[in-house]
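According to our numbering, the sequence shown holds residues 13 to 316 in order. Note that beta-carbon positions come from the ideal geometry of N, C-alpha and C, so glycine has one too. Only a predicted model underlies this, so the values are computations on that prediction, with no experimental measurement involved.
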Amino acid sequence: MGTAATTLSQLLNRRVTITTPRVKVLGARELLAQFTVPYLSLLVNFTAGLSGFNLLVMRTSDAAVIADLMLGGTGHVESQELDEIKVSAVAEAMNQMIGTAATSLHSLFSRRVNISPPEVVMFDVPPKESVIAHLEGESLTVVAFNLIVGDLIDSELLQVVPVTAAKQMAEYLLSGLGSGQAASNSPAPSSPAVTAPEVTVHRAQFSQLQSPSQAGPGPNIDLILDVPLQVSVVLGKSRKAVKDVLAMGAGSLVELDRMVEDHVDVLVNGTLIARGEIVVVNENFGVRITSILSPADRLRELNR
C-alpha cells in the first residue's frame, strides 16, 4: 500500500498517506454489518501467483473527492453522488493502485502476481444480495488503513482478501517456499540443525588504474554504429483534464503550446537533441534541422 499511495499521489497531484494497517478476520455478514454508509469498491481476481480475489473499498464521500481531483477539480465537492464519469475516474485511480500493489507483491515474493480486469462493486445500504453471495462462503482477511489525501480526506481504506490468499502471502513472505499452496493450519515439522561452513573473508586487491592512451570514443565505436535509434518530432504539447479528454470526438480541436512559426523539437530515444522546421519532401513531411542543442542546453531541458 505504500507504493499504491505514491501512485495515487501522482494521479491526484496531492500528498497521499496510507498507513497504520489493522488486520481482522471476519465473515461476509460481519464485514457488511460495518458498512453504515455507502461504499465504492474495486474487485479483481488473482489469475496467477495467488488464489482468490482482492477487494479495495472506500467511502463514496472519499471517492467523490478523488473523482473530482481526477477530473481536474479542486476536491471540494458539494455532492457525494457519483455519476458514470465520476465512477470511471475513481475506478481508474483504484485500478492503478491495485496494479501497483500487485507489482510490489511480485518484487516482494519473487514470483509473478497477475490480476484480472477490475469490476466496480457498490456496497449499498442495505447491501445487495448479489454482493453478499459473492463474499459468502469465505473467511475474509480485512486490512483497514488510514487514508489521508492532503487536507481533503482523512478516512479509512479497506483491503479485503480471502484468508486462503492471506495465508499464501504469509507463507511466501516468511518462508520463501514458493510452493503455491496455502499455509497449513497444522504446525510445520521442525528442521534439523544445519552447521554453516566456515567462510574466509579477505580484502579485495586491485591493479593500478592507468590513464587512457587516447581521447575520444576509440575504434570500438564501430561496434554500435548499426544500433537503431528512434527519432521523433514533436509539434507541440497540451495538458488536458480527464473530463476534457472524455469529451473528445471526431472534429474536436486540440490547441498546442506552439505557434505556427515556432520550431519543432527533434528527439532521439526520447531525449531532445535538436530543433528544426517542418518541410515537405516529395509529398512527405520532413524536418530541416536548424540548431543542435549543446550539452548544457540538453541538461537544462532535462531539469525543466
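Next on the checklist: Any beta carbon of chain D sitting closer than 8 Å to that of VAL245?
Outcome noted: The structure shown contains no chain D, having only a single protein chain.
Next on the checklist: Quick test of your reading: VAL254 and ALA101, contact by CB under 8 Å. State the CB separation rounded to the nearest angstrom.
Outcome noted: Along the sequence shown, read from residue 1 onward, the residue named residue 254 stands at position 242. Along the sequence shown, read from residue 1 onward, the residue named residue 101 stands at position 89. 6 Å between Cβ atoms; contact.
Checklist entry - Are the segment 92 to 99 and the segment 25 to 36 touching by the rule of at least three beta carbon pairs closer than 8 Å? => result no
Next on the checklist: Could you check whether LEU169 and MET82 sit closer than 8 Å to each other, using their CB atoms as the reference points?
Outcome noted: Along the sequence shown, one-based indexing puts residue 82 at 70. Along the sequence shown, one-based indexing puts residue 169 at 157. Their beta carbons are not under 8 Å apart, which means MET82 does not touch LEU169 by this criterion.
Next on the checklist: Which same chain residues end up closer than 6 Å to ASP80 when comparing Cβ atoms and leaving out the 5 residues on each side of it in sequence?
Outcome noted: Looking up residue 80 in the sequence shown gives position 68. Within the same chain, ASP80 has close Cβ partners GLY87, VAL89.
Item to check | Cβ shell of ILE127 (< 8 Å), same chain only, five flanking positions each side left out | outcome: Position 115 of the sequence shown holds residue 127. VAL56, ASN57, PHE58, THR59, ASN66, ILE110, GLY111, ALA114, listed in sequence order.
Item to check | Residue nearest to PHE297 in terms of C-alpha spacing, selected from THR19, VAL276, VAL132 | outcome: If you number the sequence shown from 1, residue 297 lands on position 285. Considering only alpha carbons, the answer is VAL276.
Item to check | Unbroken stretches of the beta strand (DSSP E), 3 residues or longer, contained in the segment 272 to 302 | outcome: 276 to 280, 283 to 293
Next on the checklist: Rounded to whole angstroms, what is the Cα-Cα separation between ASP74 and PHE121?
Outcome noted: For the purposes of this step, residue 74 is taken as residue 62 along the sequence shown, with counting starting at 1. For the purposes of this step, residue 121 is taken as residue 109 along the sequence shown, with counting starting at 1. C-alpha separation (whole angstroms): 31 Å.
Next on the checklist: Output needed for LEU284: all residues of its chain with C-beta closer than 6 Å, excluding positions within five of it in sequence on either side, in chain order.
Outcome noted: Walking along the sequence shown from the start, residue 284 turns up at place 272. The answer, listed in chain order, is ASP277, GLU313.
Next on the checklist: Quick check on MET13: buried or exposed, where buried means 16 or more other Cβ atoms within 10 Å of its Cβ?
Outcome noted: Looking up residue 13 in the sequence shown gives position 1. Buried is the call here.
Item to check | Cβ-based neighbour list, LYS249, same chain, cut-off 6 Å, excluding 5 preceding and 5 following | outcome: Position 237 of the sequence shown holds residue 249. Once the five neighbours on either side are set aside, the close Cβ partners of LYS249 are ASP269.
Item to check | Secondary structure of ARG71, DSSP reduced to three states | outcome: As a first step, residue 71 must be located in the sequence shown, where it is residue number 59. Strand, per DSSP.
Item to check | Same chain only: Cβ atoms within 7 Å of GLN92, ignoring 5 sequence neighbours per side | outcome: Within the sequence shown, the letter at position 80 stands for residue 92. So the qualifying residues of the chain are THR72, SER73, ALA76.
Next on the checklist: Runs of 3 residues minimum, wholly inside the segment 101 to 139: which ones carry the beta strand (DSSP E) assignment?
Outcome noted: 131 to 135
Item to check | Rounded separation between VAL155 and ARG26 - CA only | outcome: Indexing the sequence shown from 1 puts residue 155 at position 143. Indexing the sequence shown from 1 puts residue 26 at position 14. Looking at the two C-alpha atoms, the distance is approximately 24 Å.
Checklist entry - Taking the C-alpha atoms as reference points, what is the distance between PHE157 and GLN171? => result Here residue 157 refers to the residue found at position 145 when the sequence shown is read from its first residue. Here residue 171 refers to the residue found at position 159 when the sequence shown is read from its first residue. Taking the straight line from one Cα to the other gives about 8 Å.
Next on the checklist: Let me make sure I understand the geometry here. Which of LEU23, GLY282, TYR184 has the alpha-carbon closest to that of GLY85?
Outcome noted: Counting from one through the sequence shown, the residue named residue 85 turns up at place 73. Cα-wise, what sits closest to GLY85 is LEU23.
Checklist entry - What residue from ASP274, HIS118, GLU104 has the CA that sits closest to SER303's CA? => result Along the sequence shown, one-based indexing puts residue 303 at 291. The residue with the shortest Cα to Cα distance from SER303 is ASP274.
Checklist entry - Could you check where the beta strand (DSSP E) with VAL172 kicks off and where it finishes? => result Taking the first residue of the sequence shown as 1, we reach residue 172 at position 160. That run of the beta strand (DSSP E) goes 165 to 174.
Next on the checklist: Rounding to the nearest angstrom, what Cα-Cα distance links LEU52 and GLU295 in this structure?
Outcome noted: In the sequence shown, residue 52 corresponds to position 40, counting from 1. In the sequence shown, residue 295 corresponds to position 283, counting from 1. LEU52 and GLU295: Cα-Cα distance of roughly 54 Å.
Checklist entry - Taking PRO129 as the reference, which of SER119, HIS118, PHE135, GLN108 has the closest Cα? => result Position 117 of the sequence shown, counting from 1, holds the residue named residue 129. It is GLN108 whose Cα lies nearest to the Cα of PRO129.
Next on the checklist: Rounded to whole angstroms, what is the Cα-Cα separation between GLU289 and LEU311?
Outcome noted: Locating residue 289 in the sequence shown gives position 277, counting from the first residue. Locating residue 311 in the sequence shown gives position 299, counting from the first residue. One C-alpha to the other measures close to 22 Å.
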